[in-house]
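Beneath this line is the structure, given in structure tokens, with notes to follow.
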């Protein structure tokens, strides 16, 4: 059995590449079901967030899953050429794949180390995979291990203290670029989880003029009532932006809300000065060319990285403690993963040892010896010898497992099985010839 992950994230790929491979929930379900129909015995979980797209797989060699096949799937599903993104991908197998997931769930691989959103996103991805019935014994255990590790890292370190979310970094950037946040008119586009976090952080820095604008009016009004802010209608978003000082966007959707030409019509009507636009949506809400408009300053999620790096440096000790927890759990998981292979291998070894003894006994009791009086004594005696030898071998397997890990023990047993199969086939062949 093999565990693999293929993916890209904010470290390896810019937002213009990540948004090409992003999945919303319906697409994610469709993609998982398509994978399962193609590789019926394999297990899959697909994770898609603003900062990463990762495909986890557990499979056997006969399932014919490979990195090449997974890349082809991503390209075909999104209708793009693999050449446009394959150079940005990373690939991890077995222990490295396990370490990667545990690091991701613990937010140690996030742009904003310690952020709370990633564990919810991973849990939702796992829930969707369970709904699509693409998980199994291996990925079930791995992802639940990831959830447990994330909880332990949060309780054993102070990594999640302070402002630790993409939303908080966006507000921090706004504070650096806009001197008086209390006097700024802020428009928040999108009333999802990220939109709510933005509102919370804006209120924390004493913003007094916040308007939430959402496609679904009712949801926007519910959030406005909850936090004592204003709600605007989606069809009036342009009017809101004409009056705004800061716009922070996190709305879902596959197409830009604003391109340069459409946004220029808005800025031409503005009587205020500069407009700060922070776009943390993936796919993006604002086309990059919007930044070319005079007095418009557009920042995408990737441009928050400098602020996020300051956050990371403050948490270096917590990161080290968190990674120690990850390493311990990787080792424990790999012990389980390796040991689950040993049982069937020991069964195969026992079968081959028994076959060798039976072949030798058949070779011995031929001709005049077929009716030998010792036959009834020798057959059970040989079986006892084989069992004793097997007992010695299994004790050595346990020693290898304790000293070097279950994976090495499995390799050790597999090598014995292969040698026993060769001996068994040779003795069987000689028996047939005689």
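Numbering (the numbering used here), first residue to last: 5 to 438.
C-beta atoms are modelled at their ideal positions from N, C-alpha and C, and glycine is treated no differently.
These numbers come from a predicted model, not from an experiment.
| Query | Result |
| --- | --- |
| On the three-state DSSP scale, how would you describe residue 260? | coil |
| Over what stretch of residues does the alpha helix (DSSP H) that includes residue 135 continue unbroken? | 121–135 |
| Mind the definition here: the region 298–313 touches the region 63–77 only if three or more C-beta pairs lie below 8 Å; say whether that holds. | no |
| How would you write the range of the alpha helix (DSSP H) that residue 63 sits in, first residue to last? | No alpha helix (DSSP H) contains residue 63, which is instead part of the beta strand (DSSP E) from 56–63. |
| Taking the alpha carbon of residue 247 as the point to measure from, which residue in 287, 397, 23 and 274 has its own alpha carbon closest? | 274 |
| Examine the ligand ADP and report whether any of its heavy atoms sits within less than 7 Å of the Cβ of residue 267. | With respect to the ligand ADP, the structure offers nothing, as it holds no ligand at all. |
| Please report how far the alpha carbon of residue 144 lies from the alpha carbon of residue 364, in whole angstroms. | 45 Å |
| Considering only C-alpha positions, which residue in the set 295, 182 and 60 is nearest to residue 211? | 182 |
| What span of residues does the alpha helix (DSSP H) with residue 278 cover, start to end? | Unbroken run through residue 278: none, as it is neither H nor E. |
| Using the Cα positions of residue 227 and residue 64, report the straight-line distance between them to the nearest angstrom. | 48 Å |
| Leaving out the 5 sequence neighbours to the left and right, which residues in its chain are closer than 8 Å to residue 394 when beta-carbon positions are compared? | 353, 354 and 357 |
| In whole angstroms, what is the alpha-carbon distance linking residue 366 and residue 379? | 11 Å |
| When the Cα of residue 75 is compared with those of 58, 161, 47 and 176, which residue comes out closest? | 58 |
| Identify which residue in 266, 60, 113 and 96 has its Cα closest to the Cα of residue 293. | 266 |
| Please name the residue, chosen from 49, 322 and 383, that lies closest to residue 163 on a Cα-to-Cα basis. | 322 |
| Out of 270, 48 and 253, point me to the one whose CA is closest to residue 282's CA. | 253 |
| For residue 320, count neighbouring Cβ atoms within 10 angstroms of its own Cβ and tell me buried if that reaches 16, exposed if not. | exposed |
| Which two residues bound the contiguous beta strand (DSSP E) that contains residue 11? | 6–13 |
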